[in-house]
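What follows is a set of notes on a single structure, which appears directly below.
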Amino acid sequence: MWNLLSLLDDSDVTQEESDEALSFRTEPKSCSLKPQIGILCPVCDAQVDLPLGGVKALTVDHLAMNDVMLESLHGEGQGLVCDLCSDREVEKRCQTCKANLCHFCCQAHRRQKKTTDHTMVDLKDLKGYSRVGKPILCPSHPAEELRLFCELCDRPVCRDCVVGEHREHPYDFTSNVIHKHGDSVRELLRDTQPHVEALEDALAQIKSSNNALQERVEAVAADVRTFSEGYIRAIEEHRDKLLRQLDDIRVQKENSLQLQKAQLEQLLADMRTGVEFTEHLLTSGSDLEILVTKGVVVERLRKLNKVEYSARPGVNHKICFSPQEKARCQGYEVYGAINTQEVDPAQCVLQGEDLHRAREKQTASFTLVCKDATGESMSRGGDNVRVEVVPKNKKDSPIRTVVQDNKDGSYRVSYTPKEPGVYTVWVGIREQQVQGSPFNVTVRRKHRPHPGVFHCCTFCSSGGQKTARCACGGTMPGGYLGCGHGHKGHPGRPHWSCCGKFIEKSECSYSTGQSAPRSLLRTVAL
Numbered sequence: 001m002w003n004l005l006s007l008l009d010d011s012d013v014t015q016e017e018s019d020e021a022l023s024f025r026t027e028p029k030s031c032s033l034k035p036q037i038g039i040l041c042p043v044c045d046a047q048v049d050l051p052l053g054g055v056k057a058l059t060v061d062h063l064a065m066n067d068v069m070l071e072s073l074h075g076e077g078q079g080l081v082c083d084l085c086s087d088r089e090v091e092k093r094c095q096t097c098k099a100n101l102c103h104f105c106c107q108a109h110r111r112q113k114k115t116t117d118h119t120m121v122d123l124k125d126l127k128g129y130s131r132v133g134k135p136i137l138c139p140s141h142p143a144e145e146l147r148l149f150c151e152l153c154d155r156p157v158c159r160d161c162v163v164g165e166h167r168e169h170p171y172d173f174t175s176n177v178i179h180k181h182g183d184s185v186r187e188l189l190r191d192t193q194p195h196v197e198a199l200e201d202a203l204a205q206i207k208s209s210n211n212a213l214q215e216r217v218e219a220v221a222a223d224v225r226t227f228s229e230g231y232i233r234a235i236e237e238h239r240d241k242l243l244r245q246l247d248d249i250r251v252q253k254e255n256s257l258q259l260q261k262a263q264l265e266q267l268l269a270d271m272r273t274g275v276e277f278t279e280h281l282l283t284s285g286s287d288l289e290i291l292v293t294k295g296v297v298v299e300r301l302r303k304l305n306k307v308e309y310s311a312r313p314g315v316n317h318k319i320c321f322s323p324q325e326k327a328r329c330q331g332y333e334v335y336g337a338i339n340t341q342e343v344d345p346a347q348c349v350l351q352g353e354d355l356h357r358a359r360e361k362q363t364a365s366f367t368l369v370c371k372d373a374t375g376e377s378m379s380r381g382g383d384n385v386r387v388e389v390v391p392k393n394k395k396d397s398p399i400r401t402v403v404q405d406n407k408d409g410s411y412r413v414s415y416t417p418k419e420p421g422v423y424t425v426w427v428g429i430r431e432q433q434v435q436g437s438p439f440n441v442t443v444r445r446k447h448r449p450h451p452g453v454f455h456c457c458t459f460c461s462s463g464g465q466k467t468a469r470c471a472c473g474g475t476m477p478g479g480y481l482g483c484g485h486g487h488k489g490h491p492g493r494p495h496w497s498c499c500g501k502f503i504e505k506s507e508c509s510y511s512t513g514q515s516a517p518r519s520l521l522r523t524v525a526l
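If you read the sequence shown in full-length UniProt numbering, its first letter stands for residue 1, the second for the next number, and so on.
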């Protein structure tokens, strides 16, 4: 996108049309129903949407035109023709008008009263110059040079523009506004340059990962060969099978790394092209050239800054040989397998009685069973498991959790909630949530044991004491304050003396705020 001058074919356009095409065209065009055409930049392969004016309406790279002019000068003037007559070869250049002239036009230029004092330089004397470009003229007023900048329209203008189309618009000389606009481009450049270093580091990591992959493949291959030496035909066939499998893994991982490498190299090349062009523009371009090209440069740098990429290798080198695993080959039991198993969070399973319920101030636990992408349980541990337990009403106060690695692909997770309520549990592996996560846990109040006795009646449990009472409310004749079989208030089955519940393994519902019958504590003690 930095140089589209090659899209202009000199054989199809005249010199006047070429000059018009290389001028800064910004006139509004009427809307067209034709679909917008896109072309590819020959340098960075970026797609550029043609404006309504076509190729001629593209922003001109005046810096590149200056370089073309210098290259032509170094080639003994080949290809340079007079700017006035467009017929003869250039011999001199007017430093005042910035025009290349042939011998005839040079004489005429000197005879004119307005140009008689202009400085003329031989073309061969310009070879040491760094700038020989033409003055940039206004597309609306070809006789006027672009020396002003309209702040409202954000474009260079001439003095005729500010009294016509841009009347009452705020404007200033280009030399006065170049600092503000140049600083904005420099700031974008500073934001882009770190990406170049990050991409270079990413490529270095990929190279290192590729070397580690190669070393690991060779090490595993050596292990496979050593293990298979004690066997004859069956072991040799099994060995070859393992090596083929290992090579397939290597090819698969290498292809992934090479693809990521190619993508990062292309992005790095695009970044470098943008950075180098912008640096060249800011260091070698004139104020006006920077302002003319600013729009294209800023748009390109912004697009490059928005490109997302991963600085980490997309493939790891986790390959290991497991000699303890059994296999069958030609009817023989052999050992050895290539293991590239990786945890798939979407296949992992959460299980346990305390998965969705817990008691305050009591340790609750559940188990995470890790599986790979095929749903097969992992045979090893060592994964980075992260668990967070957060109260729904206090999201900024997570509870401390303990993750115990069982070394067999399963993990025991335990935590102790401090208060009753609803908690959210997050379980993740490698920064991904496992299947079923997050989930809610309802924490109830701490289990209250029964302070009384589970009895058939008060008379039996107290040894016949008259003052012993029971929460069921039953009484007996003869001054007995507690319940007895077949007497008034007895529930007819065993129950707790403290709260009257009939289930032995239950939570006591007796509240300390209730009025306790007299001698109830004595019954509890008995």
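Idealized CB from N, CA, C, for every residue including glycine. The model shown is predicted, which means the values in this text are computed figures rather than measured ones.
Between which two residues does the beta strand (DSSP E) carrying residue i extend?
i      : result
Val385 : Val385 to Pro391
Asp172 : Tyr171 to Phe173
Cys41  : Looking at the DSSP string, Cys41 is not in any beta strand (DSSP E), and its letter there is neither H nor E.
Ser137 : Note that residue 137 corresponds to Leu in the displayed sequence, not to Ser. Neither: Leu137 is in no beta strand (DSSP E) and is coded neither H nor E.
Thr374 : Element bounds for Thr374: n/a, residue is neither H nor E.
Taking residue i as part of the alpha helix (DSSP H), name the residues at either end of that continuous run.
i      : result
Leu50  : Premise fails: Leu50 is in no alpha helix (DSSP H) and is neither H nor E.
Asp287 : Asp287 to Lys306
Please decide whether residue i counts as near chain C, where near means a Cβ-Cβ distance under 7 Å.
i      : result
Gly482 : The displayed structure is made up of one protein chain only, and chain C is not part of it.
Does DSSP put residue i in a helix, a strand or coil?
i      : result
Ser228 : coil
Gln112 : coil
Gly482 : coil
Glu237 : helix
Val349 : strand
Asn100 : strand
Ala21  : Here Ala21 scores only 36 on pLDDT, less than 50, and its place in the model is too uncertain to base an answer on.
Thr119 : coil
Ser379 : coil
Glu507 : coil
Arg244 : helix
Leu189 : helix
Pro323 : strand
Thr424 : strand
Cys161 : helix
Glu89  : strand
Gln260 : helix
Ile206 : helix
Ile37  : coil
Whole angstroms is fine: what's the gap from residue i's alpha carbon to residue j's?
i           : j      : result
Phe454      : Asp354 : 28 Å
Lys253      : Ile136 : 55 Å
Gly285      : Thr278 : 10 Å
Arg225      : Arg239 : 7 Å
Met476      : Tyr423 : 49 Å
Ser228      : Ile429 : 36 Å
Gly473      : His447 : 25 Å
Lys395      : Leu63  : 58 Å
Arg380      : Asp408 : 5 Å
Ile338      : Trp426 : 33 Å
residue 528 : Ala143 : The question about residue 528 has no answer, for the chain in this structure spans 1 to 526.
Val296      : Ile178 : 16 Å
Glu299      : Asn305 : 10 Å
Gln205      : Leu257 : 11 Å
Glu388      : Asn440 : 12 Å
To which residues does DSSP link residue i through a beta bridge?
i      : result
Pro142 : DSSP, once it has assigned bridges, lists no residue as partnering Pro142.
Asp154 : Asp154 is not bridged to any residue.
His495 : His455
Glu333 : Arg328
Phe439 : Val425
Arg359 : Arg444
Asn339 : Cys320
Tyr411 : Leu368 and Asp405
Cys94  : Ala99 and Met120
Leu148 : Val157 and Phe173
Gln432 : Ile429
Met476 : Tyr480
Val81  : Glu89
Ile178 : In the DSSP output, where bridge partners are listed per residue, Ile178 has none listed.
Ile399 : Val389
For the putative contact between residue i and residue j, defined by C-beta atoms under 8 Å, what is the C-beta separation to the nearest angstrom?
i      : j      : result
Ser377 : Lys371 : 5 Å
Pro170 : Glu200 : Not confirmed; about 43 Å, so no contact.
Cys456 : Pro494 : 5 Å
Arg445 : Glu360 : 6 Å
His181 : Leu291 : 6 Å
Asp383 : Val343 : 5 Å
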